[in-house]
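So the sequence shown is numbered by our numbering: it starts at 226 and just counts up by one.
In this text, a Cβ means the ideal position worked out from N, Cα and C, and glycines have one as well.
No experiment lies behind these values; they were computed from the predicted model shown.
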Amino acid sequence: MQDSTIWTEKFRPQKFEDIKGQKKIVERIKAFVDQKNMPHIMLAGPAGVGKSTIALVIAKELFKETWKQNCLELNASDERGIDVVRNTIKEFAKTKSLGDVPFKIIFLDECDSLTKEAQQALRRTMENYVMTTRFILSCNYSSKIIDPIQSRCTIFRFKPLTEEDIEEYVKKIAQSENLKLEENTIKALVELSSGDVRKITNILQSCASIDKNITEELLYSLVSAAEPKEIKDILTLAINRQFIRARSLLLDTMLKHGLSGIDILKQIQKETVEFEGITDEKRIDLIDKCGEIEFRMVEGADEFLQLEALLASYAK
Ligand SMILES: Nc1ncnc2c1ncn2[C@@H]1O[C@H](COP(=O)(O)OP(=O)(O)O)[C@@H](O)[C@H]1O
Ligand SMILES: [Mg+2]
226 MQDSTIWTEK FRPQKFEDIK GQKKIVERIK AFVDQKNMPH IMLAGPAGVG
276 KSTIALVIAK ELFKETWKQN CLELNASDER GIDVVRNTIK EFAKTKSLGD
326 VPFKIIFLDE CDSLTKEAQQ ALRRTMENYV MTTRFILSCN YSSKIIDPIQ
376 SRCTIFRFKP LTEEDIEEYV KKIAQSENLK LEENTIKALV ELSSGDVRKI
426 TNILQSCASI DKNITEELLY SLVSAAEPKE IKDILTLAIN RQFIRARSLL
476 LDTMLKHGLS GIDILKQIQK ETVEFEGITD EKRIDLIDKC GEIEFRMVEG
526 ADEFLQLEAL LASYAK
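This is the structure in structure tokens:
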């Protein structure tokens, strides 16, 4: 029978030791847990770097088998207007914790999406129930959270995982799932993910459902991105003034991977930054041009016409 568990849950770290990267953050938070005392905490940073994971580890390590009774978790997908803050959160905050930890935990995931009114109500709840509850708030940008909440929290800023951390993580999954990955497949994964481990895990699971031998080609056929080499080939043709061939390869590549104009433009921009064999002056011009064309596309200009204009400026 096919294993139907979602890998992001299957491989979600259950202990502090299993969390990759974020060393300083884990160290400080673990110290709070060891003392069974902690401030309100805000976890800020990009997607898929371990924010929700660490919040759940805190609850599990603090409360052990009673963690479910002592921790209320609310996701962005739940209804979270001001009424939820007023009712659900208050009801939970009012009653005493079970066991030897003198407070309960309320984990509000993805707080960026709370309205300002809800944030105001949350701030008052944080004040009123500080003896019996601690809040863990997660968000992408701490600047979206009102100052009075920020100032009540110890803020931890998460960073995208490094290449080495990602490699370690990928190798662990590969071992447990009997996957075969070449070194360059791992490199491509790191490139594609920008340090978002959730994205990596999902890509790996989709690849594995097709073939346990995960090649770079399989990888790129499943994500909507062209292989870096394909983009380089297009640019090389354009620079060598093989305009018609460059244009038809561009179109083929877009169709093959189901890319929009903006998708491929972003990849072209990235490759231009690293492209060998052009002067820095030319590079600056082209990167500037990419920015201009992105703006026009967003404003609704014909994507393919804009891309042709871009290729023409490579040939110039
Ligand atoms: N630092 C990390 N160490 C190990 N796995 C991680 C890490 N960050 C993310 N993951 C993996 O990615 C998935 C999503 O992580 P999560 O903590 O939910 O991200 P977010 O920062 O968006 O809350 C987890 O289930 C886990 O498999
Ligand atoms: Mg999260």
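Asked, Found
"Any 3 or more C-beta pairs closer than 8 Å across the stretch 359-373 and the stretch 277-295", "yes"
"Rounded straight-line distance, which links the Cα of R348 to that of P373", "7 Å"
"Top-ranked residue by Cα proximity to K293, from L299, A284 and N300", "A284"
"C-alpha distance - K384 paired with Q467, whole-angstrom precision", "42 Å"
"Range covered by the alpha helix (DSSP H) that runs through E496", "G486 to E499"
"K240 (DSSP reduced to helix, strand or coil)", "coil"
"Between the CA atoms of I370 and M335 - distance to the nearest angstrom", "Just to set this straight, residue 335 is Glu in the shown sequence, not Met. The alpha-carbon atoms of E335 and I370 are separated by roughly 11 Å."
"Where the alpha helix (DSSP H) through R253 begins and ends", "K248 to D259"
"Any non-hydrogen atom of ligand 1 within 7 Å of A433 CB", "no"
"Local Cβ density within 10 Å of K481, reported as buried at 16 or more and exposed below that", "exposed"
"Meets three-Cβ-pair contact criterion under 8 Å: the stretch 382-400 and the stretch 416-425", "yes"
"Cβ-based neighbour list, N438, same chain, cut-off 7 Å, excluding 5 preceding and 5 following", "K405"
"Check whether V251 and F241 have beta carbons under 8 Å apart", "yes"
"Contact belief for L511 with S473 at Cβ below 8 Å, rounded distance in angstroms", "No, L511 and S473 are not in contact; Cβ-Cβ is about 21 Å, not under 8 Å."
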